[in-house]
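For reference, the structure discussed in these notes is given below.
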Amino acid sequence: KLLNVTSQVAQQKNFEDGTRSAAIEVVLSLSASMPAPIRKAAETKTIFFPALTKMLMEVTEDDAEWQAEVEDHDKLSSNPVSTASSSIQRLSEDLGEKTTLACCQ
1 KLLNVTSQVA
11 QQKNFEDGTR
21 SAAIEVVLSL
31 SASMPAPIRK
41 AAETKTIFFP
51 ALTKMLMEVT
61 EDDAEWQAEV
71 EDHDKLSSNP
81 VSTASSSIQR
91 LSEDLGEKTT
101 LACCQ
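One point on numbering: in full-length UniProt numbering, the residue at position 42 of the sequence shown is 42, and numbering is uninterrupted.
In structure tokens:
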């Protein structure tokens, strides 16, 4: 149920980015400390990874807004795309390649 709830929070575009990031961080903390239950949960493949993928696609479509954004590669951004990208990387490291590839099919 935790994966389901955190995935629902992560997908809500009307929530603040910090709230969405915090929901994802709960799962990432669990995957770092005890990856086996997260790896075995069906929701990881069917709900959580798809939620992160949807966040990856939340790019700015307004050209003026996109050009006004200042990219700072030294600081982690809290926008959904940066959050999803780093979350997928961390989750993949915790769960292993085999699980990650299975979740991406």
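For each residue, glycine too, the CB sits at the ideal point set by N, CA and C.
The model shown is predicted, which means the values in this text are computed figures rather than measured ones.
How many angstroms separate the CA atom of Cys103 from the CA atom of Glu93? 13 Å
Could you work out which residue in Leu2, Gln11, Leu3 and Asn4 is closest to Pro80 when comparing CA atoms only? Out of Leu2, Gln11, Leu3 and Asn4, Gln11 has the C-alpha closest to the C-alpha of Pro80.
Just tell me which of Arg39, Ser86 and Met57 has its CA closest to the CA of Leu101. Arg39
Measure the alpha-carbon distance for Phe49 versus Thr6 and round it to whole angstroms. 11 Å
Counting only the same chain and skipping the five closest in sequence on each side, list residues whose C-beta sits under 7 Å from that of Arg90. Leu28
Once DSSP output is grouped into helix, strand and coil, what is the label at Asp74? Because Asp74 carries a pLDDT of 48, less than 50, the predicted location of this residue cannot be relied on, and the following value inherits that uncertainty. Note: Asp74 maps to coil in three-state DSSP.
Here's the rule: buried if 16 or more other CB atoms are within 10 angstroms of the residue's CB, otherwise exposed. What is Ser78? exposed
Would you call Ala84 buried or exposed, if buried means 16 or more other Cβ atoms sit within 10 Å of its Cβ? Label assigned to Ala84: buried.
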